[in-house]
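Inspection log for the structure reproduced underneath, given as structure tokens.
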Amino acid sequence: MAKKYPYNIYLPLEGVESEHCALIVGKGLSKVEGISAASVELNNRRALITLQSKEALNNAIKAVKDLGYGVSEKTDSYPVLGMSCASCATSAENIVNRTAGVVEASVNYGTGNLNVKYLPNIANATTFKHALQKSGYDLLVEETQAQQEQLESIHHNKLKSLKQKTFWAVALALPVALIGMFFMNMPYADYIMCFFATPVVLWFGRDFFVNAWKQAKHRSANMDTLVAMSTGIAYIFSVFNLLFADFWHRRGLHAHVYFEAAAVIIAFILLGKLLEEKAKSNTSTAIKKLMGLQPKTVTVLDAEGNERSILIDEVTLNQTILIKPGEKIPVDGEVIEGSSYVDESMLSGEPVPLQKAQGDRVFAGTINQKGSFRFKAQKVGKETMLAHIIKAVQDAQGSKAPVQKLVDKIAGIFVPTVMLIALLTFITWIIFGGANGLAQGLLAGITVLVIACPCALGLATPTAIMVAVGKGASSGILIKDAEALELAKKVDAIILDKTGTITEGKPEVADIAWLNNKDSFKDILSQLEKQSEHPLAEAVVRYIGKTENIAIENFESITGKGAKADFGNQTYFVGNPSLLAEHDITLDSALLQMAQKWTAEAKTVIWFADKQQALAVLAIADQIKENSAKAIKELQALGLDLFMLTGDNEATAQAIAKETGIKNYRAEVLPQHKADFVQELQKQGKTVAMVGDGINDSTALATADVSIAMGRGSDIAMDVAKMTILSSDLMRIPQAIKLSKQTVVTIKQNLFWAFIYNVIGIPLAAGILYPFNGFLLNPMIAGAAMALSSVSVVSNSLRLKWKK
1 MAKKYPYNIY LPLEGVESEH CALIVGKGLS KVEGISAASV ELNNRRALIT LQSKEALNNA
61 IKAVKDLGYG VSEKTDSYPV LGMSCASCAT SAENIVNRTA GVVEASVNYG TGNLNVKYLP
121 NIANATTFKH ALQKSGYDLL VEETQAQQEQ LESIHHNKLK SLKQKTFWAV ALALPVALIG
181 MFFMNMPYAD YIMCFFATPV VLWFGRDFFV NAWKQAKHRS ANMDTLVAMS TGIAYIFSVF
241 NLLFADFWHR RGLHAHVYFE AAAVIIAFIL LGKLLEEKAK SNTSTAIKKL MGLQPKTVTV
301 LDAEGNERSI LIDEVTLNQT ILIKPGEKIP VDGEVIEGSS YVDESMLSGE PVPLQKAQGD
361 RVFAGTINQK GSFRFKAQKV GKETMLAHII KAVQDAQGSK APVQKLVDKI AGIFVPTVML
421 IALLTFITWI IFGGANGLAQ GLLAGITVLV IACPCALGLA TPTAIMVAVG KGASSGILIK
481 DAEALELAKK VDAIILDKTG TITEGKPEVA DIAWLNNKDS FKDILSQLEK QSEHPLAEAV
541 VRYIGKTENI AIENFESITG KGAKADFGNQ TYFVGNPSLL AEHDITLDSA LLQMAQKWTA
601 EAKTVIWFAD KQQALAVLAI ADQIKENSAK AIKELQALGL DLFMLTGDNE ATAQAIAKET
661 GIKNYRAEVL PQHKADFVQE LQKQGKTVAM VGDGINDSTA LATADVSIAM GRGSDIAMDV
721 AKMTILSSDL MRIPQAIKLS KQTVVTIKQN LFWAFIYNVI GIPLAAGILY PFNGFLLNPM
781 IAGAAMALSS VSVVSNSLRL KWKK
């Protein structure tokens, strides 16, 4: 149902639980510009509002959110069928935007996808499908897997049909072109050309006319309109001249036919469409590869250990799954038995397989090597990391870069403008062209219609975005939208969180010193730490490794200091210096000297002692990631200002900054202060990127111009961020910035050639050079140029795949 203003709409509300809340929301909505009436129904949790314009709905939603309440919105993506150029995408987008209940809709011609945000109580996929079908388009609304299979089938059939049409069109147009160019005076030349051209125009080119008619019925026009008009006029004019040649002869004019122009234009444009479809399919190989990572069947084990094979869609939570050598892991889970090496390059971009043993996590789409293991399914279906990656890549490839908005406006008026230019060209030739003005004017008008190419404009930005997002995904850089990809090029300041970003975020024992080099107390220390709840205790247990399972007694955790327990006739302590001082325990000078040295290096020191003396001292540190220093050096080489923020103390921050080469850092920074620092840099005119991994970084990530999350961090950080480094390797950040720069350069190149092609081509086609040197562009050459313009733009985008 199309919207006609003013119209009433129910706005579904969230969080409105009382009359007081309803009153606040009602008053707030009544003040929104473009809303003439508003009332809140508390029982139904909805507001009835009267909208005066499209903007009023968005203003109403913003007003509700600003008041601290919510609106039940839904965002979905669907493939649009039946589009032939960028003007079609603009037309389809406008149709959905005019549908009741739609908050915002955009159609990307490069991906063929509709991204729509809507109110589910009013609109749904079927609503959009029916609206588009009325205008000659269609929508695939099946579930993701079925949708992909159907899309593959549609694309395969389309390519097959295009190949057949192109082959026969070229085969039949070739003799027409040869006769028209070299053998015009042979007997029955015009009739032979008509014989060969008729099936090319009316059968193999029929889709152009059918689609143009559908557009005309809805007072719209697209590339099919230009092709249908140009070839249709040339063909009809030629048939008239063939059958009624005397009409011109009586007026002293020759009855020219242009069958070769009509046939060759159809053949060339079909060839161009075939090449374009093949090239466009190459831009989406990343999605196909990602989807191909998930196996179709899975081997599961029942309670008795019996194996059975089931479909991937049938896997449920907590099922035990058996992975054999060489198999793809179907869902996310945790290893419960066995061990192997797993290739996780699809997540990290790193080719070296990682060892997996009991307790380790495994992810869907990764590939097992030679070993075998069993694991428990923890995330299945749309919840797996692979599913999230696929969804994120699809959304990013379907999103629009800011520069595309201008291109869309141009594409929206492109076809009508070209039709007007063609008409003016025809009229000008009739007035100033002399005896041959009508024939040459007709030819020039046809050439203008043929050479104009809205497709090149429509493909310039989205194809580059699709290739770049796919390339990023294959390197472990998950880009969530086109805007972030375009903006990353402008970044001149990067803020790095310390823990989990520069460092591993996982404390490890860096060193240990025993009294008189005696480590015979390892078993006791390990048992003490196993029972401790302190975050650093696990690091000690991991470091010591396997020990004798001795029984300690009277274990006591001492808050803020450490722990103690009895073994045999002795009491043992593990903790900080104050715990030892409290019990008057003697500290060996050599151990004390080591502890002071490690403290100066910003390492955390833990003491182990009995009642009389200290037995050992341990240094625990959050290790700097292997590539952090190298990545920071590379970022600095790009001319970026680097800042490190951490909640740690000054000594630790200084030590990390010195080791990694960071000149600017701040210690003991609270989460909100990180966001304040982002704003401080922004006020200085800087474009800021924030890199973090924790919940405490989420506010700063949301505030930054470009937000980058470490993939092994918190889910909240990844949800907020516009980019995610799946491997948590800092080296991917300079790669992401370089990818952004390459993408923006490619987009600019594509737009330049698309614009310059039309700016030069259309005047040439109109005959602007004719008064000076007698040059008039042949419609056949114009058809070839038009066909190749789109292919050249897509091919230029594909070059991104091979750039380093």
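Numbering (the UniProt record's numbering) for the sequence shown: 1 to 804.
We put the CB at the ideal spot given by N, CA and C, even for glycine.
- Taking threonine 699 as the centre and dropping the five residues before and after it, the same chain places the C-beta of Pro671, Gln672, Lys674, Ala675 closer than 8 Å to its C-beta, in chain order.
- Between glutamate 260 and alanine 177, the C-beta spacing is below 7 Å.
- Shown here, valine 102 sits in a strand according to DSSP, grouped into three states.
- Beyond the five residues adjoining it in sequence on each side, serine 84 comes within less than 7 Å, by CB distance, of Asn211, Asn222, Met223, Asp224 in the same chain, given in chain order.
- Residue ranges of uninterrupted beta strand (DSSP E) with 3 or more members, entirely inside the segment 273-344 and ordered along the chain, are 297-301, 307-311, 320-323, 332-343.
- By the Cβ rule, the segment 762-778 does not count as touching the segment 469-487, because fewer than three pairs are nearer than 8 Å.
- Residue pairing for isoleucine 756: DSSP places it in no beta bridge.
- Between isoleucine 620 and threonine 604 a beta carbon distance of about 4 Å is seen, short of the 8 Å cut, so the two are scored as contacting.
- Residue range 206-217 is occupied by the alpha helix (DSSP H) that includes valine 210.
- Partner residues in a beta bridge of arginine 732, as assigned by DSSP, do not exist.
- Between the segment 192-199 and the segment 213-220, the count of C-beta pairs closer than 8 Å stays below three; the two stretches do not touch.
- Annotation: the segment 157-245 contains the following complete segments of the alpha helix (DSSP H) (minimum length 4 residues), in chain order: 189-199, 206-217, 223-243.
- When only Cα atoms are considered, leucine 587 and valine 342 end up about 47 Å apart.
- Judged by DSSP in its simplified three-state form, tyrosine 543 adopts helix.
- Of all alpha-carbon atoms in Leu51, Ile154, Arg732, Ile61, the one lying nearest the alpha-carbon of glycine 82 is that of Ile154.
- Shown here, lysine 471 sits in a helix according to DSSP, grouped into three states.
- Distances from the alpha-carbon of tryptophan 514 to those of Ala595, Val380, Leu642 put Ala595 closest.
- Burial state of lysine 480 is buried, judged by a 10 Å Cβ sphere holding 16 or more other Cβ atoms.
- Only buried fits isoleucine 708, as 16 or more other CB atoms lie within 10 angstroms of its CB.
- The continuous stretches of beta strand (DSSP E) do not include alanine 60, which lies in the alpha helix (DSSP H) extending over residues 54-66.
- Valine 418 is classed as buried because its beta carbon has at least 16 other beta carbons within 10 Å across all chains shown.
- Shown here, lysine 134 sits in coil according to DSSP, grouped into three states, outside any helix or strand.
- In the displayed model, valine 669 falls within coil according to three-state DSSP, outside both helix and strand.
- Secondary-structure assignment with DSSP links tryptophan 514 through a beta bridge to Ala616.
- Cα atoms of tryptophan 753 and alanine 89: separation of roughly 21 Å, rounded to the nearest angstrom.
- Per DSSP, the continuous alpha helix (DSSP H) segment holding leucine 525 begins and ends at 522-531.
- If you compare the alpha carbons of Lys370, Leu423, Ile624, Met644 with that of isoleucine 494, the shortest gap goes to Met644.
- Within the model, the alpha-carbon separation for histidine 249 versus alanine 255 is close to 7 Å.
- Here the alpha carbons of leucine 449 and methionine 466 stand approximately 29 Å from one another.
- DSSP places proline 577 in the helix class (H, G or I) of the three-state scheme.
- Nearest neighbour of threonine 503 by Cα position, chosen from Ile544, Tyr10, Ala657, Glu383, turns out to be Ala657.
- When Thr366, Ser309, Ser345 are compared, the shortest CA-CA separation from glycine 333 is found for Thr366.
- Using a Cβ-Cβ distance cut-off of 8 Å, the segment 538-546 and the segment 504-513 are in contact, since at least three pairs of beta carbons, one from each stretch, lie closer than that value.
- Considering only Ala267, Ile725, Phe677, Val64, the residue with the shortest C-alpha distance to aspartate 693 is Ile725.
- The beta-bridge partner set that DSSP reports for phenylalanine 375 consists of Ile321, Val335.
- With a cut-off of 8 Å on Cβ pairs, the segment 105-113 is not in contact with the segment 179-188, counting fewer than three such pairs.
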